[in-house]
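Take the position in the sequence shown, starting the count at 1, then add 260; the result is the number in my numbering. Beta carbons: idealized from backbone N, C-alpha and C, even for Gly.
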Amino acid sequence: MGAEWWKLTLVVLAAAVAAWALRAAIATTQRVRLGVVCMTKRPLDFFTWLRHHRDLGVEHFFLRIEDTPDLLDTLQRAPYKHFVTCIAGTGEREYYEQVHRQQDLVDRAICKARHVGLSHLVHIDDDELLHCPSGRPALDSFLRAAAPGTSCFVVQNVEAVFDAERCEAVFGGTTTFCTNPSAYTAYANGKSIGALHDPSLRSLGAHRFSGDAVFTPSLLLLVLHFESPCIQRWREKFESYAARNGSACLTGDIPFPFYCESMNEPTDATWRKWKAPSRHRREDLLEITLK
């Protein structure tokens, strides 16, 4: 009786191991299906942004469109309605509160992304482009090969350097990017991709998803950040911050010198000082030509 029980146990264990191995093999060959979630308000070059990511293979976009009714109306029509899910919203440019709106948007998008069959979701802004230096297949292989418990793939950002302001065709305005985080005018801790297989996946602010995290090699994926390319929009943004978050620089809650000087003195001279290519060391600059 004992021997028979052990034989049965071994058969059951062998079947379980075989099933696990099969699931693992399927997981490593499944197609990566990528979605993007973004909160946008009066974007400068939105349809270039959208086309770039469609060309990169992004299958679906989850957007909160604030105070931009014409854009909302367009995206709710064909052909966009087939791959864009929109939420209408309103909101002021307030340093802290807009992060809460973003976090709520991402958590909603996680559920919707699973529903349409996506495998991964990335949160970026409307002034950022995803860039795969080694091509999309290399990125997909990396994502598929990750350890089963990995839920968050951290992606390094680089920051665009402008010779002159750009209020139209923003993403074609420069091919030069700063790669030294200490010289950035804005955030330097990257963005991330969330793996939707994790049932407890959620947003951890604007830059991270929950769960075990790994760093994505920069040869596979970068976030190209085109921070404040247009003087008029830059001034509007930081005057709004100054009105609502005026003390945040004094308390250190806003850690970026560029932000604080922009809030205190939003003049053309301030913009040009911070955006001048001469501010950067040559060895910190990288040329990236987008197709």
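Continuous alpha helix (DSSP H) stretch holding residue i: start and end
i	result
residue 505	491-505
residue 357	357-375
residue 315	306-315
residue 530	528-535
residue 333	329-335
Coil, strand or helix - residue i by DSSP
i	result
residue 509	helix
residue 455	strand
residue 544	helix
residue 281	At residue 281 the pLDDT is 39, less than 50, meaning the model places this residue with poor confidence and gives no usable figure here.
residue 398	helix
residue 300	strand
residue 474	strand
residue 550	coil
residue 343	coil
residue 486	coil
residue 479	coil
residue 448	coil
residue 274	Any reading at residue 274 is ruled out, since the residue's pLDDT is 39, under 50, leaving its predicted position unreliable.
residue 320	strand
residue 460	coil
residue 265	Annotation note: pLDDT 39 at residue 265 (below 50); position unreliable, coordinate value reported separately. Helix, per DSSP.
residue 291	coil
residue 286	Residue confidence for residue 286 is low, a pLDDT of 40 falling below 50, so the modelled location carries little weight; the figure read from the coordinates is stated next. Note: residue 286 maps to helix in three-state DSSP.
residue 466	coil
residue 539	helix
residue 443	helix
Identity of the residue in the options nearest residue i by Cα
i	options	result
residue 396	544, 457, 312	312
residue 428	300, 511, 489	489
residue 487	445, 506, 548, 406	445
residue 530	537, 410, 521	521
residue 541	379, 421, 359, 300	421
residue 503	354, 441, 492	354
residue 454	474, 315, 364, 331	474
residue 573	340, 342, 361	Since the first and last residues shown for the chain are 261 and 551, residue 573 lies out of range.
residue 348	528, 330, 460	330
residue 357	518, 505, 398	505
residue 461	315, 543, 293, 366	366
residue 536	371, 518, 382, 415	518
residue 388	516, 501, 299, 294	299
residue 291	431, 398, 441	398
residue 543	441, 373, 405	441
residue 315	403, 294, 301	294
residue 252	434, 423, 417, 456	A query on residue 252 cannot be resolved here, the shown segment of the chain reaching from 261 to 551 and no further.
residue 372	384, 352, 346	346
residue 376	343, 338, 491	343
residue 510	524, 308, 363, 550	524
residue 407	452, 472, 364	472
Chain B within 7 Å of residue i, Cβ atoms only
i	result
residue 322	Absent from the structure: chain B. Only one protein chain is present.
Opening and closing residue of the beta strand (DSSP E) in which residue i lies
i	result
residue 516	No beta strand (DSSP E) contains residue 516, which DSSP labels as neither H nor E.
residue 436	436-438
Cβ separation of residue i and residue j, assumed to be a contact under 8 Å, to the nearest whole Å
i	j	result
residue 419	residue 485	5 Å
residue 411	residue 458	4 Å
residue 425	residue 378	36 Å between Cβ atoms; not a contact.
residue 553	residue 436	A question about residue 553 goes unanswered here, because the residues of the chain that appear run from 261 up to 551.
residue 369	residue 297	4 Å
residue 456	residue 381	6 Å
residue 359	residue 443	Contact flag wrong, Cβ pair sits at about 24 Å.
residue 476	residue 430	About 25 Å separates the two Cβ atoms, so there is no contact after all.
residue 328	residue 302	5 Å
residue 439	residue 423	In fact, because the Cβ distance is near 18 Å, the residues do not count as touching under 8 Å.
Check: residue i C-beta below 6 Å from any heavy atom of the ligand MG
i	result
residue 374	Ligands are entirely absent from the displayed structure, and the ligand MG is therefore not among its contents.
Which whole runs of the alpha helix (DSSP H) in the segment 377-433 are 4 residues long or more, in chain order? Whole alpha helix (DSSP H) segments, 4+ residues: 396-405.
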